[in-house]
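Residue numbers (this note's numbering): 8 to 273.
First the structure, in the form of structure tokens, and then the observations on it.
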């Protein structure tokens, strides 16, 4: 019997997902899900360099390459930017970012678009948290102190690293792999970077393929540099002169202190 195209598509998708699925114990809980062979889908949240639910503040001047947005809180929660209103009321602009600023209090369709983006941000966080780590050697490295480490990814484990604690970066960290390798760094605590340290990508690794799933807060020290997509349950702080090549997707607030945030090209 010949299968219809829609049916063949559903079957093929099921087989693909099943082939990449596994059952494992992560943080003491048995889970079934996908290993990190595919990127975390950011959906409409990927339209923003910074997206938060509770506000974005800057100690001028910060530099942001991309759009910023807040929802469900009103646009007044974006502070320090000296926002300039758009005549039609759908967005604002600032000399501190190259794109536009959007808030839930602006006129339609902005609120509707932001509701979707925030929902997609939450879904992406859950996805990243549920990815499997089949490699014991990539669990709780250094009890969360990963300064000086070289993190790798391959087709077998997909570069999932799991920490049942804070993750601290007190010296430089390197991600090594190719442009197609995916990294997911899962943690039950906070992500804390010391001053004047950096994350470096070698071998073609892309910031857009690195996902930091943080159950707590993120704090990046003065003059430090971070790479990747921040999927954060609570707050984000970038101290003076710090920088990120990636995105900030936070479920509370983001505070910048003369920081530089550059969204990936893709």
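We put the CB at the ideal spot given by N, CA and C, even for glycine.
Buried versus exposed, by CB contacts within 10 Å (16 or more), residue i
i           : result
residue 13  : Residue placement at residue 13 cannot be trusted, given a pLDDT of 40 that sits under 50; the coordinates are not used to answer.
residue 143 : exposed
residue 121 : buried
residue 114 : exposed
residue 186 : exposed
residue 150 : exposed
residue 188 : buried
residue 92  : exposed
Beta-carbon spacing of residue i, residue j below 9 Å
i           : j           : result
residue 249 : residue 231 : yes
residue 108 : residue 119 : no
residue 229 : residue 202 : yes
residue 82  : residue 260 : no
residue 257 : residue 227 : no
residue 105 : residue 89  : no
residue 155 : residue 190 : no
residue 204 : residue 235 : no
residue 169 : residue 140 : yes
As assigned by DSSP and simplified to three states, the class of residue i
i           : result
residue 115 : coil
residue 231 : coil
residue 57  : strand
residue 265 : coil
residue 272 : coil
residue 44  : coil
Boundaries of the beta strand (DSSP E) in which residue i is found, first to last residue
i           : result
residue 254 : 250 to 257
residue 183 : 180 to 183
residue 157 : 157 to 159
residue 176 : 174 to 176
residue 221 : 217 to 221
residue 110 : 108 to 110
residue 51  : It is not in any beta strand (DSSP E) - residue 51 carries neither H nor E in the DSSP assignment.
residue 64  : 62 to 66
Would you be able to state if there are at least three C-beta pairs under 8 Å between the segment 121 to 131 and the segment 43 to 53? yes
Okay, do the segment 205 to 212 and the segment 67 to 77 touch, 3+ Cβ pairs below 8 Å being the bar? no
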